[in-house]
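Number 798 in the UniProt record's numbering belongs to position 798 of the sequence shown; there are no gaps in the numbering.
Even for Gly, the Cβ is constructed at its ideal location relative to N, Cα and C.
What you are looking at is a predicted structure, and each value in this text was computed from that prediction instead of being measured.
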Amino acid sequence: MDKYELYCLVDQCFYDTPDHSTAADADFALVRRPAPDGWAHELSDTWAYYMPTREAPLPPQGWKIHVSARIEDAEKAVQTVWDYCVPRGVAFKFLRGPAVLVMVNSKAASRASSGKLITVYPRDEGQLELVLKELGELLRGVEGPYILSDLRYGEGPMFVRYGGFADRHCLSPSGERVLAVEDGDGTLVPDVRGSTFSVPAWTTLPGFLEPHLAARNAVTMDGLPYRIESVLHFSNGGGVYLARDTRTEERVVLKEARPHAGLDAAGRDAVARLEHERDMLRRLAGLPAAPALLDYFTLGGHHFLVQEFVDGTPLQRRLVRRFPLTRATCDEQDLADYTTWATTTLESVERAVESLHGRGVVFGDLHPDNILLTQDDRVVLIDYEVATVAADRARAALAHPAFAAPRDRHGVEVDRYALACLRFALFAPQCTIMLPIHRPKIVQLARIVKETFPVPGAFMDTAAATIAGDQAVETPVPQPGTATWAELREAMCRAIRAAATPARDDRLFPGDVAQFKPGGGLNVATGAAGVLLALSATGLGPFPEYENWLRERAPRPAQGSGLGLYDGLHGIAHVLDRLGHRQDALDVVEVALREQWERLESALFSGLSGIGLNLLRLGRTEPSLTGPAMRAVDICADRLGGPDDVPTISGGSNPRAGLMYGSSGPALLFLHAYEHTGDRALLDLAGTALRQDLRRCRASEDGSLQVDQGWRLLPYLDEGSAGIAMVLRRYLTHRPDEELAAALDRLTLAARAGFFVQPGLFTGRAGLIAALAGEPAARDLIKGLSWHALPYGGGLAFPGDGLLRLSMDFATGTAGVLFALGAVLGDQPARLPFLEAAPERPTPDHSRKEV
Numbered sequence: 001m002d003k004y005e006l007y008c009l010v011d012q013c014f015y016d017t018p019d020h021s022t023a024a025d026a027d028f029a030l031v032r033r034p035a036p037d038g039w040a041h042e043l044s045d046t047w048a049y050y051m052p053t054r055e056a057p058l059p060p061q062g063w064k065i066h067v068s069a070r071i072e073d074a075e076k077a078v079q080t081v082w083d084y085c086v087p088r089g090v091a092f093k094f095l096r097g098p099a100v101l102v103m104v105n106s107k108a109a110s111r112a113s114s115g116k117l118i119t120v121y122p123r124d125e126g127q128l129e130l131v132l133k134e135l136g137e138l139l140r141g142v143e144g145p146y147i148l149s150d151l152r153y154g155e156g157p158m159f160v161r162y163g164g165f166a167d168r169h170c171l172s173p174s175g176e177r178v179l180a181v182e183d184g185d186g187t188l189v190p191d192v193r194g195s196t197f198s199v200p201a202w203t204t205l206p207g208f209l210e211p212h213l214a215a216r217n218a219v220t221m222d223g224l225p226y227r228i229e230s231v232l233h234f235s236n237g238g239g240v241y242l243a244r245d246t247r248t249e250e251r252v253v254l255k256e257a258r259p260h261a262g263l264d265a266a267g268r269d270a271v272a273r274l275e276h277e278r279d280m281l282r283r284l285a286g287l288p289a290a291p292a293l294l295d296y297f298t299l300g301g302h303h304f305l306v307q308e309f310v311d312g313t314p315l316q317r318r319l320v321r322r323f324p325l326t327r328a329t330c331d332e333q334d335l336a337d338y339t340t341w342a343t344t345t346l347e348s349v350e351r352a353v354e355s356l357h358g359r360g361v362v363f364g365d366l367h368p369d370n371i372l373l374t375q376d377d378r379v380v381l382i383d384y385e386v387a388t389v390a391a392d393r394a395r396a397a398l399a400h401p402a403f404a405a406p407r408d409r410h411g412v413e414v415d416r417y418a419l420a421c422l423r424f425a426l427f428a429p430q431c432t433i434m435l436p437i438h439r440p441k442i443v444q445l446a447r448i449v450k451e452t453f454p455v456p457g458a459f460m461d462t463a464a465a466t467i468a469g470d471q472a473v474e475t476p477v478p479q480p481g482t483a484t485w486a487e488l489r490e491a492m493c494r495a496i497r498a499a500a501t502p503a504r505d506d507r508l509f510p511g512d513v514a515q516f517k518p519g520g521g522l523n524v525a526t527g528a529a530g531v532l533l534a535l536s537a538t539g540l541g542p543f544p545e546y547e548n549w550l551r552e553r554a555p556r557p558a559q560g561s562g563l564g565l566y567d568g569l570h571g572i573a574h575v576l577d578r579l580g581h582r583q584d585a586l587d588v589v590e591v592a593l594r595e596q597w598e599r600l601e602s603a604l605f606s607g608l609s610g611i612g613l614n615l616l617r618l619g620r621t622e623p624s625l626t627g628p629a630m631r632a633v634d635i636c637a638d639r640l641g642g643p644d645d646v647p648t649i650s651g652g653s654n655p656r657a658g659l660m661y662g663s664s665g666p667a668l669l670f671l672h673a674y675e676h677t678g679d680r681a682l683l684d685l686a687g688t689a690l691r692q693d694l695r696r697c698r699a700s701e702d703g704s705l706q707v708d709q710g711w712r713l714l715p716y717l718d719e720g721s722a723g724i725a726m727v728l729r730r731y732l733t734h735r736p737d738e739e740l741a742a743a744l745d746r747l748t749l750a751a752r753a754g755f756f757v758q759p760g761l762f763t764g765r766a767g768l769i770a771a772l773a774g775e776p777a778a779r780d781l782i783k784g785l786s787w788h789a790l791p792y793g794g795g796l797a798f799p800g801d802g803l804l805r806l807s808m809d810f811a812t813g814t815a816g817v818l819f820a821l822g823a824v825l826g827d828q829p830a831r832l833p834f835l836e837a838a839p840e841r842p843t844p845d846h847s848r849k850e851v
């Protein structure tokens, strides 16, 4: 959830950036200070950048310095670095404010980036050594979390790592576009930012840093009576390890806490919470619902709690394995059996929580991952970092967003709220995450659960009443499955228009957090182009104000904007052309073709497949674009390989599969190129590409074929089985194949499940609706959108990825749902770009003989 947490701070309904916060302390005071003379200043969502303009340009990569600081030292550290670097012409950046610092140091934040408050960019190793020595003295007394990806300099808050200074990109082994550095041969390779320090093979650690590396390596577990066997879990606050007590050979669990890291809402770090957990476990000693406390010690500044190993399975894992609505073969008996198990389990969990209350303790962080179920029916609650004393009527400073009680609940009421949410978690997984947007939604969710499962009469109603409190009045909105297409279409259009912000320059419609990347507010996936595509494809509009907003900004893309069909300029050009703005579209394509587009990945979302498709379409009337289009075809063909050249999970890696990121994107390009030229070699290439994606799929228990990501199977449109099916269906219209036709049936079987965690087009239910357009099963899926339907602006809206906020965009939000419904219910069914019905036969272009 850390990807979204920062963007939830500003607005209750939509993801937004700190730029739009009204809080007086959102930014450090220095952010508001004018840049010094001769300096360039730039703000991003998280960073404030400062670069001297009178100095020679920085090298593209090298050894960089990171400064870490706790909240109380942050302003001092930023001011000190400013005062040191500005007169010396040393470039630097810092996190823009306290809220951002809390986010990057929170328990859920990335371990690879945690602790980095300031980055300083020395020009060479000589300046690196000088800055470390001089600035280190000035920062004496500043404390901060250890930066795991870096090497610590002395005992202070300064750390070093080799990496990129400039934003350069390359393709990762899985085909993604990632930040890059040059290796010893001058080749761009991924700039890996992990949670351990390492020196790239093509460079060496500066000699003056060798003693610091030796000091780091001197800290070991040797001499302690515990032997770590495996890692159970990592968080930014520390790790949880399975170990053995070497004195008894008994299994134990070690919980680690890192100083100043893993902050909670009260500003407490992981160490403070682990000490608190130790005290709580002492209070609960002997209670079956709590693991036994065995030991507590420190090592290298880190704190460790040793507790009883409970041989149990997290409730979340049991839920995932048992939940029947994710299986296409679910029947009434499955629903009845699951309901019996779920209600029995919930009763046991409630008794465990009440036993804590009997000792005067509020657990405070109840959710399925913190509940262990053993083979002998013992229920054990783990993780007491935020537990409170019931008599204090306090609130936990950390909570899972799907179980976090509103501010009017205190003491044991916090646990009772979470227990009510747990009932919904077992019958409507993740849905309570949406409640801060519209708490009365819980009343409708209770009704849906009762219609779906044979739960006891008041079982869900009492839980809903606990959650809703005095906010139980529903706002009526048209519901998918019962309302007419006209009612649904108009309701979603009202919500989209009510959310529009034409006065803003960064985005027109609120959507996923990806819209705050360069160009993200304009593109098809998360920007204005995608919303306009959905509105137009479903017969709404025109909307000149919105179209002009996009037309004005599209020819002037922000630096770093994407070029592809869904992430960038080619997708914007495609939509502008569909809206009747041909010259605007050609102008945008001209801008895109001036970039180094041939180096992009092959993916449909952001790479050559989408670019080639757009150029092929425009080339029908603009012949000069056909050449670049076929160049994209040739490059994708050269990269493709054979059906078995793509490794699977068992082969040690698994490049992304599916329509947007896998081989199905190139397959779609090859099919359109075949339809354009009649060259059957292109059809062969399409078949090879599709077989590559099918090789990355695995059969689920219900017989459906889904993309195997190792830890989960994916049925979705973007990188799951549904997207593969859409391209495979087009391929089979040109070349019948019994084996592939059978695979198509199994790919689409996954879409017949009854529940999907998200409603969106790319990674949710709407994408499966669009993929099954024209089949009876698509209409069965539509009613299920009511799990996530919410009122907004007098209309109907849907939450985006993460479910924490509403989204109006194409990939994750309301526009995508509108488009999917239009694909099934519309008078002229909407179709995704380049996935409209295939022509019966190709139109040969005899100037094109081979690929």
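In chain order, what residues of the same chain lie with their CB nearer than 8 Å to the CB of Val389, ignoring the 5 residues before and after it?
Residue numbering aside, residue 389 sits at position 389 when the sequence shown is read from its first letter. These residues qualify, in order along the chain: Gly360, Val361, Val362.
Going by DSSP, what residue range makes up the beta strand (DSSP E) through Ser235?
What you label residue 235 is simply residue 235 of the sequence shown in a count that begins at 1. Taken as a continuous stretch (DSSP letters only), the beta strand (DSSP E) holding Ser235 covers 226-235.
Contacts around Asp245, its chain only, beta-carbon distance under 7 Å, and the 5 residues preceding and following it disregarded:
Start at 1 with the first residue of the sequence shown, and residue 245 comes out as number 245. Counting only Cβ-Cβ distances below 7 Å, and skipping sequence neighbours, we find Pro225, Tyr226, Val252.
Residue(s) in a DSSP beta bridge with Ala91
To locate residue 91, count along the sequence shown from 1; it is residue 91. Tyr121, per the DSSP bridge assignment.
Identify, in the order they occur along the chain, each residue of the same chain with its Cβ nearer than 8 Å to the Cβ of Leu749, setting aside the five sequence neighbours on each side.
Position 749 of the sequence shown, counting from 1, holds the residue named residue 749. These residues qualify, in order along the chain: Ala328, Asp702, Gly703, Ser704, Leu705.
Give the straight-line distance between the Cα atoms of Arg553 and Gly767, rounded to the nearest whole angstrom.
What you label residue 553 is simply residue 553 of the sequence shown in a count that begins at 1. What you label residue 767 is simply residue 767 of the sequence shown in a count that begins at 1. Approximately 29 Å between the Cα atoms of the pair.
Residue environment, Asp191, which counts as buried when at least 16 other CB atoms sit within 10 Å
Position 191 of the sequence shown, counted from the first residue, corresponds to residue 191. So Asp191 ends up on the buried side.
Please state the DSSP three-state secondary structure of Ile382.
Residue 382 sits at position 382 when you count from the first residue of the sequence shown. Coil at Ile382, not helix or strand.
Could you tell me the boundaries of the alpha helix (DSSP H) in which Ala257 lies?
If you number the sequence shown from 1, residue 257 lands on position 257. Here Ala257 belongs to no alpha helix (DSSP H); instead the beta strand (DSSP E) covers 250-257.
Quick one: give me the first and last residue of the alpha helix (DSSP H) that Cys431 is part of.
Against the sequence shown, residue 431 aligns to sequence position 431. Cys431 -> no alpha helix (DSSP H), and no H or E assigned at all.
Residue environment, Arg177, which counts as buried when at least 16 other CB atoms sit within 10 Å:
Mapped onto the sequence shown, residue 177 falls at position 177. Per the 10 Å Cβ criterion, buried.
Three-state secondary structure (DSSP) of Arg268:
The residue you call residue 268 lines up with position 268 of the sequence shown. Looking at Arg268 - three-state DSSP - the assignment turns out to be coil, as it is neither helix nor strand.
Return helix, strand or coil for Gly312, following the three-state DSSP convention.
Here residue 312 is taken as the residue at index 312 of the sequence shown, counted from 1. Correct three-state label for Gly312: strand.
Between the CA atoms of Leu30 and Ala396 - distance to the nearest angstrom
Position 396 of the sequence shown, counting from 1, holds the residue named residue 396. Position 30 of the sequence shown, counting from 1, holds the residue named residue 30. Computed Cα separation, rounded: 33 Å.
Considering only residues of the stretch 714-739, which uninterrupted beta strand (DSSP E) runs meet the minimum length of 3 residues and lie entirely inside it, listed in chain order?
none
Anticipated Cβ contact below 8 Å, Phe94 with Leu151, distance rounded:
Stepping through the sequence shown from its first residue, residue 94 is reached at position 94. Stepping through the sequence shown from its first residue, residue 151 is reached at position 151. Not quite, the Cβ-Cβ distance comes to about 20 Å (not below 8 Å), so this is no contact.
Kindly list the residues whose CB is nearer than 7 Å to the CB of Val851, restricted to its own chain and excluding five residues on each side of it in sequence; keep chain order.
As a first step, residue 851 must be located in the sequence shown, where it is residue number 851. Note that Val851 has pLDDT 38, beneath the 50 cutoff, so the model's placement of it is unreliable and the number below is only indicative. Around Val851: Val633, Asp634, Ala637, Asp679, Ala681, Leu682, Leu685.
Just verifying my parser: in three-state terms, what is the DSSP assignment at Ser847?
Taking the sequence shown and counting its residues from 1, the one referred to as residue 847 is at position 847. Residue placement at Ser847 is poorly supported in this model, since its pLDDT is 46, which falls under 50; the coordinates are not used for a value here.
In its own chain, which residues sit with a C-beta less than 8 Å from the C-beta of Gly154, not counting the 5 before and 5 after it?
Counting from one through the sequence shown, the residue named residue 154 turns up at place 154. Answer for Gly154: Gly136, His212, listed in chain order.
Can you check whether the CB of Glu474 is closer than 7 Å to the CB of Val513?
Residue numbering aside, residue 513 sits at position 513 when the sequence shown is read from its first letter. Residue numbering aside, residue 474 sits at position 474 when the sequence shown is read from its first letter. In this structure, Glu474 does not lie closer than 7 Å to Val513 by Cβ.
If we count the other Cβ atoms within 10 Å of its Cβ and call it buried at 16 or more, is Asp408 buried or exposed?
The count along the sequence shown starts at 1 and reaches residue 408 at position 408. It counts as exposed.
What residue range is occupied by the uninterrupted alpha helix (DSSP H) comprising Val100?
Taking the sequence shown and counting its residues from 1, one reaches residue 100 at position 100. Here the alpha helix (DSSP H) through Val100 covers 98-104.
So, with DSSP's three-state summary, where would you put Phe819?
Here residue 819 corresponds to residue number 819 of the sequence shown, with the count starting at 1. Helix at Phe819.
Going by the CB atoms, is the gap between Gln61 and Phe159 shorter than 7 Å?
As a working note, residue 159 is residue 159 in the sequence shown. As a working note, residue 61 is residue 61 in the sequence shown. Not closer than 7 Å, so no.
Candidates Val310, Asp295, Leu299, Ala778: which alpha carbon is nearest Ala289's?
Along the sequence shown, read from residue 1 onward, the residue named residue 289 stands at position 289. It is Val310.
Helix, strand or coil for Phe535 per DSSP?
For the purposes of this step, residue 535 is identified with residue 535 of the sequence shown, where counting begins at 1. The sequence shown places Leu at residue 535, not Phe. Leu535 falls in the helix class under three-state DSSP.
Taking the alpha-carbon positions, what's the Ser606 to Gly520 distance?
To locate residue 606, count along the sequence shown from 1; it is residue 606. To locate residue 520, count along the sequence shown from 1; it is residue 520. Approximately 12 Å between the Cα atoms of the pair.
Tell me Glu42's beta-bridge partners as DSSP assigns them.
Along the sequence shown, one-based indexing puts residue 42 at 42. Looking at the DSSP assignment, Glu42 forms a beta bridge with Tyr49.
Please state whether the Cβ-Cβ distance between Val531 and Ala815 is less than 7 Å.
Locating residue 531 in the sequence shown gives position 531, where the first residue counts as 1. Locating residue 815 in the sequence shown gives position 815, where the first residue counts as 1. Yes, the Cβ-Cβ distance between Val531 and Ala815 is below 7 Å.
Closer than 8 Å is the cut-off here; do at least three beta carbon pairs connect the stretch 125-145 with the stretch 46-58?
Result no; under three Cβ-Cβ pairs closer than 8 Å.
Give the single residue among Glu354, Asp369, Leu274 whose Cα lies nearest to the Cα of Arg318.
Counting from 1 along the sequence shown, the entry for residue 318 is found at position 318. Among Glu354, Asp369, Leu274, the Cα nearest to that of Arg318 is on Asp369.
Leu139 beta carbon less than 7 Å from that of Thr187
Counting from 1 along the sequence shown, the entry for residue 187 is found at position 187. Counting from 1 along the sequence shown, the entry for residue 139 is found at position 139. Contact flag unset, no.
Taking the straight line between their C-alpha atoms, what separation do you get for Val379 and Phe424?
Working through the sequence shown from its first residue, we reach residue 379 at position 379. Working through the sequence shown from its first residue, we reach residue 424 at position 424. Phe424 has its alpha-carbon roughly 19 Å from the corresponding atom of Val379.
Return the CA-CA distance between Asn548 and Ala534, expressed in angstroms with no decimal places.
Start at 1 with the first residue of the sequence shown, and residue 548 comes out as number 548. Start at 1 with the first residue of the sequence shown, and residue 534 comes out as number 534. Approximately 17 Å between the Cα atoms of the pair.
Touch check for the stretch 655-667 and the stretch 720-728: three-plus C-beta pairs under 8 Å?
yes
Nearest-angstrom Cα distance between Ala265 and Leu398?
Translated into the one-based positions of the sequence shown, residue 265 becomes position 265. Translated into the one-based positions of the sequence shown, residue 398 becomes position 398. Approximately 6 Å, taken between the alpha carbons.
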